[in-house]
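Chemist: Before we start, here is the structure in question, set down as structure tokens.
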Amino acid sequence: MQFWAYAARRAWHTAITLVLLLVFMYVLFRLVPGDPTTILLGTGELTLEAQARLRELWGLDRPQWQQFLTYAGNLLTGDLGMSFYFRRPVVEIVAPMLGNTLVLMIPVVVLAILLGVAAGTWLGWRRGERIEEIGAVLALIPRALPVFWIGIVLLALFAYELRWFPIGGMRQAFFYPETWYQALPFFDVARHLVLPVATGVLASMADPLMIQRTALIEVRHEDFMILARARGLTERAQRRLARRNAILPVLTYSAIMVGFAFGGQVLLEVVFTWPGMGRLMVSSVSQRDYPVAQATFFLMAAVVIGLNLLVDLAYGWLDPRIRLD
Amino acid sequence: MRAQLPRDQFAAAALRAKRRQVLGFLGGFGLVAPGAALVSAIDAALNDAAAQPAPGQPVGKLGVYLPNWPDQVELWRQLSRDWAPLGFELDLQQGTLDTFISQIVAEQKLPHIGSMSWGGAPDRLDPDYFLSEMFHSRRTARGGLNFGFYRNEAFDRLADAQRAEMDPAKRQVLVREAQQIIADDSPSIVLYHRDIIHAYNKRRFSGVKPILGNGIGFPYMPLSYQDITPLTPRRFIRITSIYDIASLNPFLTPEIYNSTTLRLVYATFTTRDEKAEVMPWALERWNVVNPTTVDITLRPNTRFHDGVAATAQDVKFTFDYINQHRFPALSRVYEAVESAEITGDLSVRLKLRQPSAPFSANVLGYAFLAPKHIWEKVPANLATPADWPNDRPVGSGPWKLVEWRKGEFLQFAANADFFMKPKLDGMVVLPVPQMESMVGMLERGDSDMLGWNLDMTLGARISRNPDLEVVRTPTHGQHELRLNCAMAPTSNKAFRRALQHATDRRKLLEIIFSGAGVVSNGSPITPALESWANRDIAMPEASIDRARAVLREGGFTWNAQGQLLMPPA
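Here the protein sequences line up with chains A and B, keeping their order. In short: position in the first sequence from 1, add 1308, done, that's this note's numbering. In short: position in the second sequence from 1, add 23, done, that's this note's numbering.
In structure tokens form, the structure reads like this:
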């Protein structure tokens, strides 16, 4: 089969997955008891008559299938709808939060992979030594701990006791620099980033580390490595060669890792009061703000599904056998 | 007796609820078409049969719904122990506040007991709220707060009469009488009114003003911020709050935190003073001409934040606008005011649809002065002007909005034109969704005031810091156990009275909130609200023997195993 035919088929499957996801999420959120007006009703802030009027204004009084068709139709034109809670287009609510989330997530993923690969290579190269055993255990400890717990411990230590870093948030409102380095652009955001990024990296670097280590151990005994040694390459050059040849599985994994990072992000954002999508996700669900909740979940799922598609296509391109299934 | 996880009856009820939702949902898509009324009738019958003990039979299990908050869990841990000698079991069902509201308030599916706490929103200061909203038979409808189905015609008449009585002295008598009926009938066990505990940095600021139901840091009553004075060169205060607002449009949201925050910018016509008495705010005075006619007069020289002078035109416009668009958030305004008519440069005559005693507090204290020249230009293509973003709010209140960055901060500047100019230059509200972070920020000096309810443990920790001061303020908000008056055994008055005696309020307040609060004498109105509370109601004696005696008098007996038996038919 031609590569393009394969690509088209995979893209079609992805599209179907996304549509099913959309329907599934729509149904799921509607099954939760109550709607966005119920919360206000119960506190006595809204009378039953006023609630009925609000439901009418927000289109919640129409049959579910009509609401769904409107939603799906708007989505085709890129319109994610209006938030019930904020009464603004969902895009206006979600976009800045997605930006904030990426500011936190990208350094976490990049650093976790870089540090994981470096440490994994180093450990793999020392296969069988005492240091390798200790290193592997050390790397697995933070992996086994809940990410919010690591965050709380780092906060207690470096923010509450030592007071090196802020307690949370992304910026300090009205930050006045007192020294030259505090006046550097992004200084304020950067110091807010240190603890959450450290937490995220600690929690997620074990996977790339262990994968890289295993791959490196396999690669070390390949013929080309023996040849390299025979050619008299320095230890450092040999290690570089091994690392490059062992890195493919980590790259594959990094697509999955982005998905996990999105999920872990929710806890990270709550612990560090980071104004990102994770927190928006939590609050929009409890506020029954369906359009925002659906958009955040959909966006998250779409990123993971999209990355999987890219990886599949890359495989199909690299290894023609896969196109034949 | 041990508190048990939801099983049998409750799990079954939950399952039925889910099944019904699924059916209803599918029905919406046209897939199946069950008669909703039929389904609910079957459910109701099943529920009642399962939950109600027959005459002469063991009372068995009482269904209790409680929110999954730590203080509620502790409360029921205590009550399961304290009530055990009475000879029945408890079936505790925990859930979120949302579930409570959607199942018990909106769907009216209270098991025997619903455990809830009500915050001290300003409109609840008027006794009408905790009497009529909670116990008038009219409010047993779905969505009403009389979800315990309490019905008493004598009480209904009093509740209606006090609402219509425009003379405060006469109204006081009616309000106190109504409280006595509630205390006697016991449709609810009002436990206590938990103090509001806030904290601030006393090295940097002075002049905080604790107000009943508001503390020093809530935005509910603008007067509390008015006299805060800086002691350092920085002339603005940073307050942390657990919430952020959702919108800058004052016509949109009825949610208490959002609406009161916006009313710092949009001055209400009246407000509450330090003693929580109603005082004029945007108004210079108001005058009740007759029970359905109220004359109001604006303060002279009032200016909106854009410099435009406010006149009677704006007042009339405000009421007309609310009547025309029937904003759900302002339903209490259009339900009260029929028309507004200009009688002078600054004065307007309001015609009410019916006499309303809480009018000056809850309508004039909730409606705000809206600038006509701004709102008449709102684009007409919106479904409602409440959907307009209103990014640059222009009001006439003590604070001007400078900037709102969602999830980060809300910045205000003092309005020098306001008749009572704030002593600060500005105010920054920082939404911090976690209590621990809020305390940490206050301790580190990153914030100057903690505007959210602390518990005593955190309060004690904060007060060890010499820079910080913890302030306790009483509130009219309350914790209660609502009893289902339409389902045995809680439908039995002797049973409800017995629970009053079996519940040791002082002990519970001491254990759960370290005693920070005021215990109730059975009336839903706090004794701290001096003008309305009925202090003559005798506090039910906390004694399990007394409780058993009351049960015996009511015809209840115990079998050999010590189980409580219903009175014979």
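Every residue gets a Cβ at the ideal spot worked out from N, C-alpha and C, and that includes glycine.
#1: Suppose you measure from the CA of B/E97 to the CA of B/Q117; what does that come to, to the nearest Å?
#2: Between the beta-carbon of B/E492 and the beta-carbon of B/N224, is there less than 9 Å?
#3: List the residues of chain A that B/E431 touches, going by C-beta distances under 9 Å, in chain order.
#4: What runs of the beta strand (DSSP E), each 3 residues or longer, lie entirely inside the segment 126 to 193 of chain B?
#5: When DSSP builds the beta bridges, which residues end up paired with B/P93?
#6: Please list the terminal residues of the continuous beta strand (DSSP E) segment that includes B/S362.
#7: Contact criterion: CB-CB distance below 9 Å. Does B/N272 meet it with respect to chain A?
#8: Taking contact to mean 3 or more Cβ pairs, one atom from each stretch, closer than 8 Å, check whether the segment 509 to 525 of chain B and the segment 455 to 472 of chain B are in contact.
#9: Report the CB separation of A/G1567 from A/N1408 in whole angstroms; it is logged as a contact under 8 Å.
#10: At a Cβ threshold of 9 Å, is A/P1404 touching chain B?
#11: For A/A1536, tell me which candidate among A/I1525, A/M1565, A/R1499, A/L1549 has the shortest Cα-Cα distance.
#12: Compare the beta carbon distance of B/Q131 and B/I548 with 9 Å and say whether it is the shorter of the two.
#13: Establish whether the CB of A/F1394 and some CB of chain B are separated by less than 9 Å.
#14: Looking only at its chain, what residues have a beta carbon closer than 6 Å to the beta carbon of A/L1463, apart from the 5 residues adjacent to it on each side?
#15: Is the Cβ of B/E386 closer than 9 Å to any Cβ of chain A?
#16: So, does the CB of B/P90 fall closer than 9 Å to a CB anywhere in chain A?
#17: Just the chain A side, please: which residues come within less than 8 Å of B/L275 by C-beta, in chain order?
#18: In whole angstroms, what separates the C-alpha of A/W1625 from that of A/M1533?
#19: Would you kindly check if the distance between the Cβ of B/K395 and the Cβ of B/D329 is under 9 Å?
#20: Any idea if B/Y152 is buried or exposed, counting beta-carbon neighbours within 10 angstroms, 16 or more meaning buried?
#21: Keeping to the same chain, check which residues put their C-beta closer than 7 Å to that of B/H502; ignore five residues upstream and five downstream.
#22: Does B/A351 come within less than 9 Å of chain A when only Cβ atoms are used?
#23: For chain A, find out if any of its Cβ atoms is closer than 9 Å to the Cβ of B/R30; answer yes or no.
#24: Quick one: what's got a C-beta closer than 7 Å to A/F1473's C-beta in the same chain, skipping five residues either side?
#25: What are the residues in the segment 1591 to 1622 of chain A lying within 7 Å of chain B by C-beta distance?
#26: Whole beta strand (DSSP E) runs in the segment 433 to 516 of chain B with 3 or more residues, listed along the chain?
#27: 9 Å is my cut-off, CB to CB: does B/G240 come that close to chain A?
#28: In chain order, what residues of the same chain lie with their CB nearer than 7 Å to the CB of A/R1395, ignoring the 5 residues before and after it?
#29: Per DSSP, which residues does B/Q116 bridge with? Please list them.
#30: Checking the sheet assignment: what are the DSSP bridge partners for B/P597?
#31: Starting from the beta carbon of A/Y1468, find every residue of chain B whose beta carbon is closer than 7 Å, and list them in chain order.
#32: Using three-state DSSP, classify B/D318 as helix, strand or coil.
#33: If the cut is a Cβ gap below 8 Å, which residues of chain B does A/R1471 touch?
#34: Only counting the same chain, and skipping five residues up and downstream in sequence, which positions put a Cβ closer than 8 Å to that of A/L1617?
#35: Excluding the five sequence neighbours on either side, which residues of its own chain have a C-beta within less than 8 Å of the C-beta of B/N582, listed in chain order?
#36: Pull out every residue of the segment 1355 to 1367 of chain A whose Cβ sits closer than 8 Å to any Cβ of chain B, in chain order.
Modeler: To lay it out plainly:
#1: Residue mapping note: residue 97 of chain B aligns to position 74 of the second sequence, counting from 1. Residue mapping note: residue 117 of chain B aligns to position 94 of the second sequence, counting from 1. Roughly 12 Å between the two C-alpha positions.
#2: Counting from one through the second sequence, the residue named residue 492 of chain B turns up at place 469. Counting from one through the second sequence, the residue named residue 224 of chain B turns up at place 201. If you check the CB distance, B/E492 and B/N224 come in under 9 Å.
#3: To locate residue 431 of chain B, count along the second sequence from 1; it is residue 408. By Cβ distance, chain A contributes G1477, M1478, R1479, A1481, P1583.
#4: 136 to 141
#5: Reading the second sequence from its first residue, position 70 is the one you call residue 93 of chain B. DSSP lists no partner for B/P93.
#6: Here the question's residue 362 of chain B lines up with position 339 in the second sequence. 360 to 365 is the extent of the beta strand (DSSP E) around B/S362.
#7: Within the second sequence, residue 272 of chain B is the residue found at index 249, counting from 1. True, the Cβ-Cβ gap to chain A drops below 9 Å.
#8: No: the two stretches stay apart, fewer than three of their Cβ pairs being nearer than 8 Å.
#9: The residue given as residue 1567 of chain A occupies position 259 in the first sequence. The residue given as residue 1408 of chain A occupies position 100 in the first sequence. So it is not a contact: roughly 19 Å between Cβ atoms.
#10: As a position in the first sequence, residue 1404 of chain A is number 96, starting the count at 1. So, interface residue.
#11: One-based indexing of the first sequence puts residue 1536 of chain A at position 228. When only C-alpha atoms are compared, the closest one is A/L1549.
#12: For the purposes of this step, residue 131 of chain B is taken as residue 108 along the second sequence, with counting starting at 1. For the purposes of this step, residue 548 of chain B is taken as residue 525 along the second sequence, with counting starting at 1. Contact: no.
#13: The residue given as residue 1394 of chain A occupies position 86 in the first sequence. Chain B, which has a Cβ nearer than 9 Å to the Cβ of A/F1394, makes this yes.
#14: Sequence index remark: in the first sequence, residue 1463 of chain A carries index 155 (1-based). Non-local C-beta neighbours of A/L1463 in its own chain, meaning closer than 6 Å and more than five positions away in sequence, are absent.
#15: Sequence index remark: in the second sequence, residue 386 of chain B carries index 363 (1-based). It is worth fixing the name first, because residue 386 of chain B is Val in this sequence and not Glu. No - not a single Cβ of chain A is within 9 Å of the one on B/V386.
#16: Position 67 of the second sequence, counted from the first residue, corresponds to residue 90 of chain B. Not one chain A Cβ lies under 9 Å of B/P90.
#17: Numbered from its first residue, the second sequence carries residue 275 of chain B at position 252. What B/L275 touches in chain A: R1395.
#18: Locating residue 1625 of chain A in the first sequence gives position 317, counting from the first residue. Locating residue 1533 of chain A in the first sequence gives position 225, counting from the first residue. Each residue's Cα considered, the two are about 27 Å apart.
#19: Within the second sequence, numbered from 1, the residue matching residue 329 of chain B stands at position 306. Within the second sequence, numbered from 1, the residue matching residue 395 of chain B stands at position 372. Taking 9 Å as the cut-off, the Cβ atoms of B/D329 and B/K395 do not count as close.
#20: Position 129 of the second sequence, counted from the first residue, corresponds to residue 152 of chain B. With 16 or more other Cβ atoms within 10 Å, it is buried.
#21: Translated into positions along the second sequence, residue 502 of chain B becomes position 479. Counting only Cβ-Cβ distances below 7 Å, and skipping sequence neighbours, we find S140, L214, Y215, R217.
#22: Position 328 of the second sequence, counting from 1, holds the residue named residue 351 of chain B. Per the sequence presented here, residue 351 of chain B reads as Pro, with Ala not at that position. By this cut-off, B/P351 is an interface position.
#23: Within the second sequence, residue 30 of chain B is the residue found at index 7, counting from 1. A caution first: B/R30 carries a pLDDT of 39, below 50, which makes its placement in the model unreliable, though a value can still be read off. No, because no Cβ of chain A sits closer than 9 Å to the Cβ of B/R30.
#24: The residue labelled residue 1473 of chain A in the question sits at position 165 within the first sequence. Cβ neighbours of A/F1473 beyond the five flanking positions: F1466, A1467, R1499, V1502, L1503.
#25: S1594
#26: 449 to 454, 491 to 496, 501 to 506
#27: Working through the second sequence from its first residue, we reach residue 240 of chain B at position 217. No, no contact with chain A.
#28: On the first sequence, residue 1395 of chain A is found 87 positions in, with the first residue counted as 1. Taken in chain order, the list of residues that qualify is empty.
#29: Within the second sequence, numbered from 1, the residue matching residue 116 of chain B stands at position 93. According to DSSP, residue pairing for B/Q116 in a beta bridge involves B/Y88.
#30: Here chain B comprises residues numbered 24 to 592, so residue 597 of chain B is not present and cannot be evaluated.
#31: Translated into the one-based positions of the first sequence, residue 1468 of chain A becomes position 160. Going along chain B in sequence order, the residues near A/Y1468 (Cβ under 7 Å) are G463.
#32: On the second sequence, position 295 is the one that residue 318 of chain B refers to. B/D318: strand per DSSP, three-state reduction.
#33: Looking up residue 1471 of chain A in the first sequence gives position 163. By Cβ distance, chain B contributes R467.
#34: Here the question's residue 1617 of chain A lines up with position 309 in the first sequence. Taken in chain order, the residues that qualify are R1318, A1319, T1322.
#35: Looking up residue 582 of chain B in the second sequence gives position 559. Cβ neighbours of B/N582 beyond the five flanking positions: P81, L588.
#36: T1355, L1356, E1357, A1358, Q1359, R1361, L1362, L1365
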